[in-house]
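Colleague: Sending over a structure as structure tokens; questions will come in a sec.
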Amino acid sequence: LPETVRGLTDCLDAAGNTTAAIGKGFAIGSAALVSLALFGAFTVRAKVVSVDILNPWVFTGLLFGAMMPYAFAAWTMKSVGTAANDMVKEGLQQFP
């Protein structure tokens, strides 16, 4: 292929990477807004008057609460990987 093809594909690759980065930025921003809205709805429903972030118990709860979705996602991925590995082992036993 001519050298011009490489130049065109590099430009398209850069445009695709920029588009992906912008999309990720929108996703992160919308996730932050949703979490803020959920926290606001919780404080209204639970009739919380104030939240003292300097309280060690509140700060610890905030850290654990922020960690839990990642922990559950990791546990889910690990269990799916283990199940897939078991299926491969069973297939190899049945069809040597």
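Sequential numbering from 58 applies to the sequence shown in our numbering. For each residue, glycine too, the CB sits at the ideal point set by N, CA and C.
Does DSSP classify F99 as helix, strand or coil?
Modeller: Looking at F99 - three-state DSSP - the assignment turns out to be helix.
Colleague: Return the Cβ separation of V108 and V115 in integer angstroms, given the expectation that the two are a contact with Cβ distance under 8 Å.
Modeller: Contact holds; Cβ gap of about 6 Å.
Colleague: Mapping the DSSP letters down to three states, classify I79 as helix, strand or coil.
Modeller: Helix.
Colleague: Using the three-state DSSP reduction, which class does P126 fall into: helix, strand or coil?
Modeller: In the structure shown, P126 sits in a helix (DSSP, three-state: H, G or I).
Colleague: What's the gap between the Cα of P153 and the Cα of V145?
Modeller: Rounded to the nearest angstrom, the two C-alpha atoms are 11 Å apart.
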